[in-house]
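Enquirer: The structure under discussion is supplied below as structure tokens; questions concerning it will follow.
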Amino acid sequence: MTLNSLPDEQQHNHSELLRHLTSEFNRPSTGWNFSYLKGRMEEQLNLLPWNYEASVRTLLPKAKGLLDMGTGSGEFLASLNPLPPDTCATEGWAPNIILARQRLKPFGVTVTAITDNDVRLPLNDARFDLIINRHEPYIVYEVHRLLKRGGLFVTQQVGEKDNIELNKLLGAPEHLGYREWHVEQACCELQTAGFTILEKQEAFIETKFYDVGAIVYYLKAIPWQVEDFTVEKYSEQLINLHHKIQKEGFLSVQSHRFFIRARKNN
């Protein structure tokens, strides 16, 4: 049954819902800050069996050079202050680059703008003792090039099965633009490039959405999940999700994360 074939009152209600969802889609956002969804989306990140922030903080005192790959709008890196004397960051999303430069300038951090086509970063060989990376794609041989001998790479990655239930419920491609990406695959690539794996962990945790508008806002903020996502294209599926959440109270999906700490051999 299509939207146009519904009774007038139900069609009106659905039209109102779609107008609301369109406003959620068009709502401006800054950085990777999901505070707007507080109470509407619940990520159980506290259930991860590792602590990315604690792992990074433990290593900072011995680092003279630090690179934060994909710093976002710089909130996390700024929170680590005091920072090593030579601290740099990269970022590829234009709105984030501006915010990160504003936030990190007082700490003397240079934020380098990058694009998906950059296979070599404009940073010197063997410059850093520590490279950190949370949810940012990377080229393993670039990480190796930028680290000093014995330098450490700490990363938390989003795995290939992250939120895949959303794709299934929307009838969207499940691996659009993705490759095989899980802890063993990443470790294999690092070892081939000349790293020793010091720690590796992988986990699936629950994420809950309490209204369909939160799903729309979330998918707009992470466009790689459903690359062709618009409210208009997925209107019927979104209406179905709305009714599902009304009936069940929330929509539960699985988030896929993994963590690696690795050392450059030579």
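Position 177, counted from 1, in the sequence shown is what numbering that gives the first Met the number 0 calls 176; the numbers after and before it change by one each time, with no gaps.
Glycine is no exception: its CB is placed at the ideal position from the N, C-alpha and C atoms.
(1) DSSP three-state call for Arg148: helix, strand or coil?
(2) Hey, how far is the Cα of Thr70 from the Cα of Arg18?
(3) Give the DSSP-derived three-state secondary structure of Glu135 in the structure shown.
(4) Write down the C-beta distance between Ile259 and Lys199 rounded to the nearest angstrom, noting that I regard them as a contact closer than 8 Å.
(5) Would Asn132 and Thr114 qualify as a contact pair, given that the criterion is a beta-carbon distance under 8 Å?
(6) Under 6 Å Cβ to Cβ from Arg102, same chain only, skipping five residues before and after it: list those, please.
(7) Tell me the residue span of the alpha helix (DSSP H) that contains Leu168.
(8) Along the chain, which unbroken stretches of the beta strand (DSSP E) at least 3 residues long are found entirely within the segment 27-83?
(9) Near Leu16, which residues of its chain fall below 7 Å by C-beta distance, leaving aside the five closest residues on each side in sequence?
(10) Would you mind giving the Cβ-Cβ distance between Arg144 and Asp124, rounded to the nearest angstrom? I have them listed as a contact below 8 Å.
(11) Relative to the C-alpha of Val108, which candidate in Ala93, Asp117, Pro83 and Gly91 has its C-alpha closest?
(12) Using the rule of at least 16 other Cβ atoms within 10 Å of the residue's Cβ for burial, across every protein chain shown, is Thr89 buried or exposed?
(13) Would you call the segment 209-219 in contact with the segment 36-54, where contact means no fewer than 3 C-beta pairs closer than 8 Å?
(14) According to DSSP, is His13 part of a helix, a strand, or is it coil?
(15) Taking DSSP as the reference, what is the three-state secondary structure of Val110?
(16) Determine the DSSP secondary structure at Ala93, reduced to helix, strand or coil.
(17) Under 7 Å Cβ to Cβ from Met0, same chain only, skipping five residues before and after it: list those, please.
(18) Whose CA, out of Gly150, Ile196, Arg126 and Thr111, lies closest to the CA of Asn95?
(19) So if DSSP puts Lys243 in a beta bridge, which residue, or which two residues, is it bridged to?
(20) CB of His255 to nearest heavy atom of the ligand MG: below 7 Å?
(21) Relative to the C-alpha of Met68, which candidate in Ala99, Pro60 and Asn50 has its C-alpha closest?
(22) Do you know whose CA, among Glu235, Gly91 and Pro172, lies nearest Pro136's CA?
(23) For Val252, which residues in the same chain have their Cβ closer than 7 Å to its Cβ, ignoring the five residues on either side in sequence?
(24) Tell whether a beta-carbon distance below 8 Å holds between Gly193 and Phe127.
(25) Can you tell me where the beta strand (DSSP E) holding Leu197 begins and where it ends?
Expert: By the coordinates alone:
(1) Strand.
(2) 34 Å
(3) coil
(4) Confirmed, Cβ separation roughly 5 Å.
(5) no
(6) Gly73 and Ala77
(7) Ile163 to Leu169
(8) 40-42 and 64-68
(9) Closer than 7 Å at Cβ, skipping near neighbours: Ile238 and His241.
(10) Asp124 and Arg144 do touch by the CB rule: their CB atoms are close to 5 Å apart, below 8 Å.
(11) Pro83
(12) buried
(13) yes
(14) Residue state for His13 is assigned as helix, using DSSP reduced to three classes.
(15) Here Val110 sits in strand by DSSP.
(16) Shown here, Ala93 sits in a helix according to DSSP, grouped into three states.
(17) With a pLDDT of 42 at Met0, under the threshold of 50, the modelled position of this residue cannot be trusted, and the question is left open.
(18) Thr111
(19) Its beta-bridge partners do not exist; DSSP assigns none.
(20) This structure lacks the ligand MG, and indeed carries no ligand of any kind.
(21) Residue nearest to Met68 within the set Ala99, Pro60 and Asn50 is Ala99 (criterion: CA-CA distance).
(22) Gly91
(23) Asn162, Glu164, Leu165 and Thr206
(24) Cβ atoms of Gly193 and Phe127: not closer than 8 Å.
(25) Here the beta strand (DSSP E) through Leu197 covers Phe194 to Phe208.
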